[in-house]
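Here is the structure we will look at, set down as structure tokens.
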Amino acid sequence: MHASVSAGQRPVVHAFDSFRIETGEADALARLAAARNLKRQRCVTLLDEGQYSVVQLETPAVPVEERVEALRWRLKDAVDFPVEGAALAVLDIPADGVRQPGVLAVAAAATVIGERMALFQKAGVDLEAIDIPELAVRNVAVLFEEANRGLAFVALTDGGCLLVISFRGELVLARRIDLTSGALARADAERRQQLLERLALELQRTLDNFDRQYGYVSISRLILASEFDVPGVVAALAESLYLPVLAMDLAAVADFAGVPELQGLERQAQGLMAIGAAFRS
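Printed below as a string of structure tokens:
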């Protein structure tokens, strides 16, 4: 995935490729690097689910430059890896001007980060950043935001279901739901209806809890990216949720005229994580 992002302009997608992993990730990355001349590009990669933790914490009463170390020790009981030397990033949750809702701390073990860096180094690719799926989805979600309104975004892929809520360009909440697009595709009509009803219930519960916790954030709508039956899933959720539900169509927010294969909504959903990573600014 190759894209360019400029402030105040629509992101531009220049290329979208996939390479089969045959003898290992390093081999696939090396072939991709050779095919797309990645050695001249700065690249972003995403960690896999289970390789990192996202924890909401109170904002520490210390100078900004000391926040990371102050939060590091608060994470000791919240993660299953040593916090000493762990990679840690802090994301501010937009406030309402009265109270500070806290921060999101993103942490990954030093060994996980080291292995990912070594993978790219072996392929001779310049790695600019290591990110997480929640922020990749956030990068796409914010393109659909309305001024001073929150946005709910659901990514339903073969890798799982991820709900992200953004506000003023920032990630406020992320939650994984136990469902995949593949499970919907394999289910018969009755079972599929049950799965969609359960998804709608989980989303509604989360939205209700969000409204109680962040009453100052008014969510305008829910955008769905799905690898399976986009119209059917949109219709099922719209029937159960109080929010307007719309299908994600990147044509509304990005320019990919040079990549015609992204015209299909399900193909857009398949590439969502790569697209979001490439939209990192």
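In the numbering used here, the protein residues as written are 156 to 436.
Backbone N, C-alpha and C fix where the C-beta goes; we use that ideal spot for every residue, glycine too.
This one's a predicted model, so the numbers in the text were calculated from it and none came from an experiment.
Residue i versus residue j - alpha carbon distance
{"i": "R347", "j": "G240", "result": "45 angstroms"}
{"i": "W228", "j": "F383", "result": "42 angstroms"}
{"i": "A183", "j": "A250", "result": "43 angstroms"}
{"i": "L202", "j": "V253", "result": "35 angstroms"}
{"i": "P342", "j": "L392", "result": "In the sequence as displayed, the identity of residue 342 is Ala instead of Pro. Straight-line Cα distance between these residues: approximately 17 angstroms."}
{"i": "I332", "j": "L259", "result": "19 angstroms"}
{"i": "G387", "j": "A216", "result": "48 angstroms"}
{"i": "K277", "j": "R175", "result": "18 angstroms"}
{"i": "L230", "j": "V238", "result": "7 angstroms"}
{"i": "R191", "j": "E213", "result": "43 angstroms"}
{"i": "A340", "j": "E220", "result": "48 angstroms"}
{"i": "T335", "j": "L354", "result": "10 angstroms"}
Span of the beta strand (DSSP E) around residue i
{"i": "T335", "result": "Premise fails: T335 is in no beta strand (DSSP E) and is neither H nor E."}
{"i": "R422", "result": "That residue, R422, is in no beta strand (DSSP E); its alpha helix (DSSP H) goes L420 to Q425."}
{"i": "G315", "result": "G315 to F322"}
{"i": "V160", "result": "Here V160 belongs to no beta strand (DSSP E), and DSSP marks it neither H nor E."}
{"i": "S373", "result": "Careful: S373 lies outside any beta strand (DSSP E) and carries neither H nor E."}
{"i": "F308", "result": "G305 to T312"}
{"i": "D251", "result": "From DSSP, D251 is part of no beta strand (DSSP E); its letter is neither H nor E."}
Element boundaries [alpha helix (DSSP H), containing residue i]
{"i": "I268", "result": "A265 to A278"}
{"i": "D366", "result": "A344 to Q368"}
{"i": "G387", "result": "V385 to S395"}
{"i": "A406", "result": "Careful: A406 lies outside any alpha helix (DSSP H) and carries neither H nor E."}
{"i": "V292", "result": "P288 to A296"}
Cβ-Cβ distance between residue i and residue j below 9 angstroms
{"i": "I320", "j": "L306", "result": "yes"}
{"i": "V209", "j": "S436", "result": "no"}
{"i": "V292", "j": "M156", "result": "no"}
{"i": "F308", "j": "A380", "result": "yes"}
{"i": "S395", "j": "R304", "result": "no"}
{"i": "L377", "j": "L358", "result": "yes"}
{"i": "E300", "j": "L317", "result": "no"}
{"i": "V267", "j": "F236", "result": "yes"}
{"i": "A170", "j": "V414", "result": "yes"}
{"i": "Y397", "j": "I287", "result": "no"}
{"i": "L420", "j": "A402", "result": "yes"}
Open item on the list: Quick check on the DSSP output: what are the complete alpha helix (DSSP H) runs of length 4 or more inside the segment 167-231, in order along the chain?
Closed with: The segment 167-231 contains these whole alpha helix (DSSP H) runs: 180-191 and 222-229.
Open item on the list: I'd like to know if the segment 367-387 and the segment 327-343 are in contact, where contact means that at least 3 CB-CB pairs between them fall below 8 angstroms.
Closed with: At 8 angstroms Cβ cutoff, the stretches touch.
TODO: For the segment 264-276 and the segment 292-300, state whether three or more C-beta atom pairs, one from each stretch, are separated by less than 8 angstroms.
DONE: No: fewer than three Cβ pairs fall under 8 angstroms.
Open item on the list: Measuring CB atoms only, is the segment 407-426 touching the segment 164-177, in the sense that at least three cross pairs come out at less than 8 angstroms?
Closed with: The way I'd put it, the segment 407-426 does touch the segment 164-177; three or more beta-carbon pairs between them come closer than 8 angstroms.
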